[in-house]
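Take a look at the structure set out below.
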Amino acid sequence: MNEKFRELEEYFKQPINNSFTKPKQERVLITSQGSVGDFSMFDKEIWEPKFNDNSKGKHLFRTRKPVDVTCRVFFSLVKPQGAPNGTRFILLYSPPLYAILDQANEELEMIPKDAQFYFEGRYIIVSFNNVERIYSIKSDAKKLYDLTKNNNSDEVLQFFLCCQLNRYLVPPIFLTNPFYNKVVNNERFFFLASKYPYEYYNDETLDNYIRASEPFIDTLLELLLDEFIKPLEYEISQFPKGSFLYHLLLMMIDEDENITIFKTACEKSRKPQEAFVLGYEIMPLNDRSKMVLHLVYSVCEKYFPGSTLGIKLINSIMLNVIANHLNLKKLGFKADLILQLENLQQGTLTPSLYKRYTIIANEFKSQPANFILNRKGTFSYDSFIIMVNFTWMHITDFIKICEANKVY
């Protein structure tokens with residue numbers, strides 16, 4: 025018996041070994057080039073955030089919070105846990121599209137649609153395929169979390185709020201094309217961009233606006249016309265000069281290659297009013313221009329059925345296109361004569377020619393049968409990139425515009 029007690033006594037005198045080697049879990053970072061990173065050297069404890077009494081993170085969350093189910097879009101600059109200091113990735117979230125962009129190496133990783141996203145302190149945790157990835161948020165974590173909680177149906181607003189929060193614009197490059205096409209490249213974005221004071225625009229920017237919005241110019245233009253014409257209490261004779269819509273419509277018609285001969289005829293004629301009517305009557309506008317003028321007519325007819333509003337506004341567009349050209353040629357007196365025909369005025373036209381003038385715009389009652397809109401194109405996307413950067417230059421104003429034109 026004494027011998028057994030001595031054995032036990034010797035056993036408990038030995039130092040206690042608390043070490044425990046946890047089986048390693050393989051963590052693989054998947055990129056467009058395949059599996060390139062083995063993160064199995066990181067134990068789970070190292071990856072999970074820990075907060076002490078001085079940690080700012082503990083004041084944000086007590087437990088993990090899943091990303092709100094109503095959240096439609098957000099992005100954040102993040103640093104993968106364990107990555108070298110200064111590493112920055114971009115986490116893109118817009119269900120069902122989730123991705124991690126490594127801009128430095130030009131790699132985009134698509135995250136599975138069934139991935140789970142959580143906030144915990146200053147971390148975002150992404151869980152899928154029995155793997156947890158932890159990213160530290162490199163912006164104000166509390167504001168980012170609140171932004172995802174206060175999400176609404178306006179994805180354009182949410183995206184640019186994230187830009188403002190991160191002080192960073194997601195690069196509109198080939199890799200991010202799917203994200204931008206889903207969230208920003210739509211009628212809503214261009215409708216809001218039209219709300220900038222027109223002095224923000226120049227001819228080059230407006231031209232890029234037109235080219236970028238080409239894939240949906242029909243629905244966008246109808247939206248802009250609808251907003252302008254619907255609240256009118258009485259017929260008008262022209263679009264307000266200096267307004268965005270006025271300049272947009274004039275440039276769209278002015279880009280028609282067939283209008284060059286029309287301009288030259290009015291420029292050289294001694295009777296510019298007659299030259300205008302004759303040229304207007306026979307000029308073969310392309311189908312795109314006809315579609316633009318048809319939309320003007322149809323929206324006017326929608327709110328002022330049976331009126332002459334559509335004819336007056338279409339005539340005004342054509343008159344001002346020619347008058348602007350004449351002014352550029354320093355033929356202001358001819359431009360003034362041309363503009364005397366606004367509001368269906370007769371000017372110096374003969375009665376028979378005036379009668380012909382009043383009915384020319386009726387041609388645009390019908391939609392051009394051969395018009396086919398190009399819904400895709402890299403050329404339009406190049407202009408879209410310019411418009412995104414233009415918006416980024418005026419981000420504060422744009423967010424104010426979004427807030428004033430919210431959708432619910």
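Numbering-wise (our numbering), the sequence shown opens with residue 25 and increments by one.
Virtual Cβ for every residue (Gly too), placed ideally from N, Cα, C.
Below 8 Å, enough C-beta pairs join the region 161-176 and the region 92-105 to call them touching: three or more.
W416 sits close to L193, with the two beta carbons spaced by under 7 Å. Put simply, of L132, F184, K314 and I338 the residue whose alpha carbon is nearest the alpha carbon of N282 is K314. Going by DSSP, Y117 is part of the beta strand (DSSP E) stretching over F113 to S118. At a Cβ-Cβ threshold of 7 Å, L121 and K254 do not count as neighbours. For N367, the closest of E144, F215, I260 and F328 by C-alpha to C-alpha distance is I260. Contact between F388 and Y321 holds, with the beta-carbon distance rounding to 5 Å and staying under 8 Å.
For M315, there is no enclosing beta strand (DSSP E); the enclosing alpha helix (DSSP H) covers residues D311 to Y327. Between the region 333-340 and the region 377-397, the count of Cβ pairs shorter than 8 Å is three or higher; the stretches touch.
Spatial neighbours of D421 in its own chain (CB-CB distance under 7 Å, excluding positions within 5 residues in sequence) are listed in chain order as Y220. Ranked by Cα distance from V323, the first of K292, I419, S218 and D242 is D242. Distance from the Cα of E279 is smallest, within the candidate group V208, V316 and V301, for V316.
Here DSSP, grouped into helix, strand and coil, assigns D178 to coil. Looking only at Q297, I423, A347 and E131, the smallest Cα-Cα distance to N201 is reached by E131. Note on the region 332-382: whole alpha helix (DSSP H) runs with a minimum of 4 residues are 333-352 and 356-363, in chain order.
Under DSSP, L132 forms a beta bridge with L125. Annotated as proximal: N344 and L274, with beta-carbon spacing under 7 Å.
Scanning its chain for C-beta atoms nearer than 8 Å, with the 5 sequence neighbours on each side dropped, one finds around F184 the residues T415, I419, F422, I423 and C426, in chain order.
No Cβ-Cβ contact shorter than 7 Å links F141 with I124.
Contact check for F152 and V91: beta-carbon distance about 13 Å, past the 8 Å limit, so the pair fails to qualify. For Q140, no alpha helix (DSSP H) run applies; the uninterrupted beta strand (DSSP E) run containing it begins and ends at Q140 to E144, by DSSP. Taking the Cα positions, P308 is about 16 Å away from I341. Per DSSP, reduced to three states, the secondary structure at S407 is helical. Taking all protein chains shown into account, F214 has 16 or more neighbouring C-beta atoms within 10 Å of its C-beta and is therefore buried.
By the beta-carbon neighbour count (other beta carbons within 10 angstroms, threshold 16), L115 is buried.
Within the region 257-283, the runs of alpha helix (DSSP H) at least 4 residues long that lie entirely inside it are, in chain order, 268-278. L171 and L199 do not touch by the CB rule: their CB atoms are close to 24 Å apart, not below 8 Å.
The three-state secondary structure of P196, taken from DSSP, is coil. Across the structure, P264 and H318 are spaced so that their CA atoms are roughly 19 Å apart. If you look at V155, you'll find it isn't in any alpha helix (DSSP H); it sits in the beta strand (DSSP E) that goes V155 to I161. Around Y169, the same chain offers F143 as residues with beta carbons nearer than 6 Å, after the five sequence neighbours per side are excluded.
Collapsing the DSSP output to three states places I423 in a helix.
For V301, same chain residues with a beta-carbon under 7 Å away, outside a window of 5 residues either side, are L373, L377, R380 and Y381 in chain order.
Beta-bridge analysis with DSSP links V150 to F141 and R157.
The alpha-carbon separation between S118 and L269 amounts to approximately 32 Å.
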